[in-house]
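Here the protein sequences come in this chain order: A and B. -9 is the number of the first residue of the first sequence in our numbering; add one for each residue after it. 38 is the number of the first residue of the second sequence in our numbering; add one for each residue after it. Heads up, the beta-carbon is just placed ideally off N, CA and C, and yes, glycines get one too. Notes for the one structure printed next.
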Amino acid sequence: MSTQKPTDRLKDIRFVTAHYEMLQGYAVAPTMLATAFLFTTLSDSVSWFASGWWTVAALVMLGLALFLAVPIGRWYKRTYGDLVPHRPPGRWSTAASIGLLVALFIVRLIVRTTSSEPFVSPEMITVSVAAIGAAVFLKPLRPAFLTVGLVALVVGVLPLGTWLATGTHPLSELELLLAAISLGMAVIATWSHIVLKRTLGRTRAAA
Amino acid sequence: MNARNRHQGQDDDASQARDDATHGNNTFGEIAQLDKLIHEPARLALLTALSASESADFTYLQRVTALSKGNLSAHLATLEAAGVIEVKKGYSGRRPKTWVRLTPNGRTAITDYWETMARWHSSLARANTES
Chain A
-9 MSTQKPTDRL
1 KDIRFVTAHY
11 EMLQGYAVAP
21 TMLATAFLFT
31 TLSDSVSWFA
41 SGWWTVAALV
51 MLGLALFLAV
61 PIGRWYKRTY
71 GDLVPHRPPG
81 RWSTAASIGL
91 LVALFIVRLI
101 VRTTSSEPFV
111 SPEMITVSVA
121 AIGAAVFLKP
131 LRPAFLTVGL
141 VALVVGVLPL
151 GTWLATGTHP
161 LSELELLLAA
171 ISLGMAVIAT
181 WSHIVLKRTL
191 GRTRAAA
Chain B
38 MNARNRHQGQ
48 DDDASQARDD
58 ATHGNNTFGE
68 IAQLDKLIHE
78 PARLALLTAL
88 SASESADFTY
98 LQRVTALSKG
108 NLSAHLATLE
118 AAGVIEVKKG
128 YSGRRPKTWV
138 RLTPNGRTAI
148 TDYWETMARW
158 HSSLARANTE
168 S
């Protein structure tokens, strides 16, 4: 039995309709997972993937994921229907991504100009602040953004550099930071699909 | 009675209620002002989806409302007859496809509806605070 209030249902309909393409998570999640794997193989800190063949395998996976995104997009149109959005999709997400990259660049610049090496990862803490900020504005995606933000915060403040005796926090390394961001985006994309399915996947009997 | 006449009748009721509300300044008048054509739950869900996009296809609207094809067609016909939406039938490859969009009048009607609801909601909240 559904306990959702009618006004909440209308808010969900409005949100899903306005962000329909962005919420087609299964089209994005494989690409994000393959990207996370690719950046991990490029990292100097992870010795398991030292061989160049891992990078080649990751590139093949990324190509496959990008190729799969087209039929998955068609499946969404066939299953949930199609619409023409008001504005070109992704304007806000592009602006937010650029904002995050600028913030990360500024944080890295500040860290490099200070003499001491921080035990925590200021870059990961910046990512967590951005994710928690997004959770405030995007209510239906709040559980995913909050989870990603809190996990990023915990991992970012743990003194992993000291524990692993590497000096620098591993997530302050660019490749691993980008891998972690891609992994977080894969989680958010999966949750986006759940939101889409919950709003548009009701059967007549459940309506 | 066809859909257009039915909507005309609803317009007359709404107009009468609007006059009552103006002179009597009561909440019931405000409630009666709500366009009954829009206030029906399935049609409200349809118009909410259409107001958040330029246009949507039949499958998407069926998913939003969880109505059967026949029921959805009937609601769309009612809204089209009232001049709230525009329905265009075409093909996507070999498959027939129906696109639906709000008319400028429809967009105004749904905006007015939400404004009336918001006004009503805030006046009720004010009344609760005062009592």
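query	result
List, in chain order, every chain A residue whose beta-carbon is nearer than 7 Å to that of arginine 100 of chain B.	Tyr70, Gly71 and Leu190
Using a Cβ-Cβ cutoff of 7 Å, what residues of the stretch -3 to 9 of chain A are near chain B? List them in chain order.	Leu0, Ile3, Arg4, Thr7 and Ala8
State the Cα-Cα distance for the pair alanine 176 of chain A and valine 138 of chain A, rounded to the nearest angstrom.	10 Å
Which of the three DSSP states is assigned to alanine 19 of chain A in this structure?	helix
Determine the extent of the beta strand (DSSP E) in which serine 129 of chain B is found, giving its start and end residues.	122 to 129
Find the nearest neighbour of threonine 116 of chain A within the set A:Phe127, A:Phe109 and A:Val92, judged by alpha-carbon distance.	A:Val92
Please classify threonine 7 of chain A as buried or exposed, where buried requires at least 16 neighbouring CB atoms within 10 angstroms.	buried
Mind pulling the chain B residues with CB within less than 7 Å of valine 74 of chain A?	Ser90, Glu91 and Ser92
Any beta carbon of chain A sitting closer than 9 Å to that of proline 219 of chain B?	There is simply no residue 219 of chain B to check, as chain B begins at 38 and stops at 168 in what is shown.
State whether the stretch 33 to 50 of chain A contacts the stretch 159 to 167 of chain A, with contact taken as three or more CB pairs (one from each stretch) at a distance under 8 Å.	yes
Which residues in chain A sit within 8 Å of threonine 145 of chain B, going by Cβ to Cβ distance?	Going along chain A, no residue has its Cβ under 8 Å from threonine 145 of chain B, so there is no contact; the nearest lies around 16 Å.
Specify whether the stretch 112 to 119 of chain B and the stretch 149 to 156 of chain B touch according to this definition: at least 3 beta carbon pairs, one from each stretch, less than 8 Å apart.	no
In the structure shown, what three-state DSSP assignment does leucine 73 of chain A receive?	strand
Quick one: what's tryptophan 181 of chain A bridged to in DSSP?	DSSP output for tryptophan 181 of chain A lists no bridge partner at all.
Determine the burial state of threonine 59 of chain B: buried for a count of at least 16 other Cβ atoms within 10 Å of its Cβ, exposed for fewer.	With a pLDDT of only 43 at threonine 59 of chain B, under the threshold of 50, the placement of this residue in the model should not be trusted, and no figure is reported.
Compare the C-beta of leucine 74 of chain B against all C-beta atoms of chain A and say whether one is closer than 9 Å.	no
According to DSSP, what are the bridge partners of arginine 138 of chain B?	B:Glu123
Taking just the CA atoms, how far does serine 87 of chain A sit from alanine 125 of chain A?	15 Å
Quick one: what's got a C-beta closer than 7 Å to isoleucine 199 of chain A's C-beta in the same chain, skipping five residues either side?	Only positions -9 to 197 of chain A appear in the structure, and residue 199 of chain A is not among them; the question remains open.
On the criterion of 16 or more Cβ atoms from any shown chain inside 10 Å, does tryptophan 136 of chain B qualify as buried, or is it exposed?	buried
Tryptophan 43 of chain A: buried (16+ other C-beta within 10 angstroms of its C-beta) or exposed?	exposed
Are at least three pairs of beta-carbons, each pair with one atom in the stretch 15 to 34 of chain A and one in the stretch 89 to 104 of chain A, less than 8 Å apart?	no
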